[in-house]
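Below is one structure, written out as structure tokens, with a few remarks after it.
Number of protein chains: 2
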Amino acid sequence: MARARPYDRQTAIDAATQLFWEKGFVGTSLKDLEHVLSMKPGSIYAAFKSKEALYLMALDQYFTQSLTVLNAVNESDGSLLSALSDVLRRIGKNAPDDPLCRPCMVVKTLLETATVSAEITDRCHLYLNNMIEGIKSVLDMAQAKGELPADVDTAQLARRYQANLTALRLEAHVSQEPGNLDQLANDMAEEIERFRYRSEIA
Amino acid sequence: MARARPYDRQTAIDAATQLFWEKGFVGTSLKDLEHVLSMKPGSIYAAFKSKEALYLMALDQYFTQSLTVLNAVNESDGSLLSALSDVLRRIGKNAPDDPLCRPCMVVKTLLETATVSAEITDRCHLYLNNMIEGIKSVLDMAQAKGELPADVDTAQLARRYQANLTALRLEAHVSQEPGNLDQLANDMAEEIERFRYRSEIA
DNA sequence: GTATAATTTGAGCGATCACTCAAAAGTGAT
DNA sequence: ATCACTTTTGAGTGATCGCTCAAATTATAC
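Protein sequence lines correspond, in order, to chains A and B. The opening position of the first sequence corresponds to residue 1 in this note's numbering, with each subsequent residue numbered one higher. The opening position of the second sequence corresponds to residue 1001 in this note's numbering, with each subsequent residue numbered one higher.
Listed below in structure tokens is the structure:
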């Protein structure tokens, strides 16, 4: 029959994702990719068509992995609101190997590639919309469970949560004093907890 | 004596700032700069030494201009807290020609150049610290004027404000539905207004 | 006008960019 | 072993990268 690929495609895309995530689209050269993928240019282009196409695959990989965080929140047995605020507090810890403690790749991409590739930009908008939709559905679920008052605008709160999440991930990358980040994370976590429905209050 | 420069240096740096701000350090080529500055490569290097040095000048220019916003807040005759929250509401309007409604150049730079130039990165941290210091001193003044309760941690609130500002400016760049941005801005504005001291409450 | 000094000019430097393609190499079926 | 087929290889493509420098240009001083 035919020759088999000596590499695992998914592993390769994942390596490319890490590289792109760190250095950006323009900042990543093909030489960089060759090293990380252990592939020669010809193979890269045979396998992934182009640098831009590979970047789109990397973005998709990133987004898929990001969804697992949201799924974990959804499947938490305790309070959904607590699960959401715990994500914020987790970023406050700024663990070096925690991908959540690095700036969102989609945001980085949107800041970088507005003038580079319309297709990449469009894809990013799609991911962002999907993500906020996912957050909203968690909040809707929380509302159905009685965790959130019925009059809370879940779409609006979802946008607020996403904004906080983005700002916090940015701050984790920028911040020099860990205590400040943790405090900021706690502030944001308390903010969302403050929405929790308490029957004893009017 | 000697030949005079046919261009205004400040104007040139300003043009470079706009270009760098939009396209980033790596994304801006010398050809781009030649067009914007109407200068040939030799002149550019004679005047600004290198692309990186020019970028540093652009960053400084950007930061100086950013400070004028803070100064305007400081010199507002009315409430300082209102002046701060008005800045957030102003971003909610997303006026196309309002530089405040574009992502912070320092943040963009930090996301892009962590792997490119340590000097640029360091300078950005400096600017960020200066800016947050400026915000804190506004809050301190508000506290002295009795606008803020004495027990408010102004340093912490300043970080929170800066995080909101950054997130909002990002959202202005990313957001597709203007109404959402405005609502988010109002949320953030109300959040800071909620700190305002009211004598009739305990 | 001539000398002097500061500035612009722009062709061109070596390096790197994203990318290509003919050739070599590996794999399974017969 | 041979074949059909897929994949890897890596030197090499033209274009562009940031940058340089000898020459030309423009100004002032005398």
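Every residue gets a Cβ at the ideal spot worked out from N, C-alpha and C, and that includes glycine. Source: prediction; values computed, not measured.
Assigned with DSSP and collapsed to three states, residue 1002 of chain B falls in coil, not helix or strand. Runs of the alpha helix (DSSP H) spanning 4 or more residues and lying entirely within the stretch 1140 to 1164 of chain B do not occur at all. Setting aside the 5 residues that flank it on each side, residue 1098 of chain B has no residue in the same chain whose C-beta is closer than 6 Å to its C-beta. By the beta-carbon neighbour count (other beta carbons within 10 angstroms, threshold 16), residue 29 of chain A is exposed.
Here residue 1171 of chain B is not near residue 115 of chain A, since their CB atoms are 8 Å or more apart.
Scanning chain B for C-beta atoms nearer than 7 Å to the C-beta of residue 174 of chain A yields 1110 and 1128, reported in chain order. Here residue 1041 of chain B is exposed, its C-beta having fewer than 16 other C-beta atoms within 10 Å.
For residue 1058 of chain B, the enclosing alpha helix (DSSP H) begins and ends at 1051 to 1074. Annotated as proximal: residue 188 of chain A and residue 168 of chain A, with beta-carbon spacing under 8 Å. For residue 86 of chain A, the enclosing alpha helix (DSSP H) covers residues 80 to 93. When DSSP states are grouped into helix, strand and coil, residue 1007 of chain B belongs to the coil group. Taking C-beta atoms as the reference points, residue 61 of chain A and residue 11 of chain A fail to come closer than 8 Å. Looking at A:93, A:141, A:165 and A:163, the one whose alpha-carbon comes closest to that of residue 154 of chain A is A:141.
For the stretch 1085 to 1096 of chain B, no residue has a beta-carbon sitting nearer than 9 Å to a beta-carbon of chain A.
By the Cβ criterion, the stretch 45 to 53 of chain A is not in contact with the stretch 68 to 81 of chain A, since fewer than three pairs of Cβ atoms, one from each stretch, lie closer than 8 Å. For residue 187 of chain A, the nearest beta carbon of chain B is closer than 8 Å to its own beta carbon. In this structure, residue 70 of chain A and residue 134 of chain A form a Cβ contact; the two beta carbons are roughly 5 Å apart against a cut-off of 8 Å. The shortest C-alpha to C-alpha distance from residue 83 of chain A to any of A:128, A:129 and A:147 is the one to A:147. About 6 Å separates the beta carbon of residue 100 of chain A from that of residue 91 of chain A, a gap short enough to meet the 8 Å contact definition.
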